[in-house]
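Just below is one structure, and these are the notes that go with it.
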Amino acid sequence: MVLVFFQVAAKALAAQNPQRAALFAVNSVAVLTRVLTPLIKMFTSGADLALRLLSGKRAIPRPQDEMEELRLLVDIGNQKGNLEEDEKEMIRGIFGLEETTAREIMVPRIDIVAVDTDSPISEVVDLIIKRGYSRIPIYEETIDNIVGIIYAKDLLAVLSNGNPLTPIKEIARPAHFIPEFKKIDELLREFQQKRVHIAIVVDEYGGTAGLVTIEDLLE
């Protein structure tokens, strides 16, 4: 009864705030993977050594990568009907976080929607409504010089206070910059620790290569 209660409660909380629940789950799995992998290797090596000493034979070969074993277990669970297909894909996505870089999932430079710091608030609001974005980078002169991020909710707050002529640079929040080859599991932790939902990806020369949002990470 207690198990059923907590299972239902957890699903209800996740349904109310799926983004936060997914971020918590992904971060927890990443931490557990880092913590438990050395222990798994230690116990596996110990078991192999004990078997060789007692029987003179090598243990049955195991996959070198423990993550592959976990993927196999997910497949078995799916075949037995214990996992829905979407659950299986989400778990596989979590396993791949340590192997995926920002460059692989970013919105490329050519597709970035950004505005110049001289743009009026009305223009930015129209763009947000038209494109459906909640966060937009702002730049000075060139997109290689991004100086901040405009949040739709901050614009609404300014407009509700009757200040439509406020320069957007005064409303912008600091931009968070990351290298192209930053691992996604590390970026997730940064997003959670710094409470940001968007990062500007820079190339080896410091130019803008693309951007990554929290939604990109959780897809």
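Residue numbers (the numbering used here): 597 to 815.
Just so you know, even glycine gets a beta-carbon here, dropped at the ideal spot from N, CA and C.
- Boundaries of the beta strand (DSSP E) around L807: 804-809.
- Spanning the alpha carbons of I739 and T804 requires a straight line of approximately 7 Å.
- Your pair V797 and R731 does not check out as a contact, with CB atoms roughly 15 Å apart and the cut at 8 Å.
- Looking from the CA of V709, the closest CA among M702, P763, P733 belongs to P733.
- Of the other Cβ atoms in all chains shown, 16 or more fall within 10 Å of the Cβ of L751; this residue is therefore buried.
- The beta-carbon separation of I701 and V792, rounded to 16 Å, does not stay under the 8 Å limit for a contact.
- Taking 7 Å as the cut-off, the Cβ atoms of I742 and V754 do not count as close.
- Bridge pairing for R731: Y747 [DSSP].
- Leaving aside the five residues that flank G728 on each side, none in its chain has a CB nearer than 6 Å to its CB.
- The C-beta of L813 has 16 or more other C-beta atoms within 10 Å across all chains shown, which makes the residue buried.
- In the three-state DSSP reduction, I764 falls in the helix class (H, G or I).
- In summary, Y801 is exposed, with fewer than 16 beta-carbon neighbours lying within 10 Å of its beta-carbon over all protein chains present.
- By the neighbour-count criterion, in which a residue is buried when 16 or more other Cβ atoms sit within 10 angstroms of its Cβ, I724 is buried.
- In the assembly as shown, I746 is a buried residue. Its beta-carbon has 16 or more other beta-carbons within 10 Å.
- Contact between T696 and I780 holds: CB atoms are separated by about 5 Å, below the 8 Å threshold.
- Residue environment analysis places F777 among the exposed positions, since fewer than 16 neighbouring C-beta atoms fall within 10 angstroms of its C-beta.
- Judged by DSSP secondary structure, F773 falls within the beta strand (DSSP E) whose first and last residues are 773-775.
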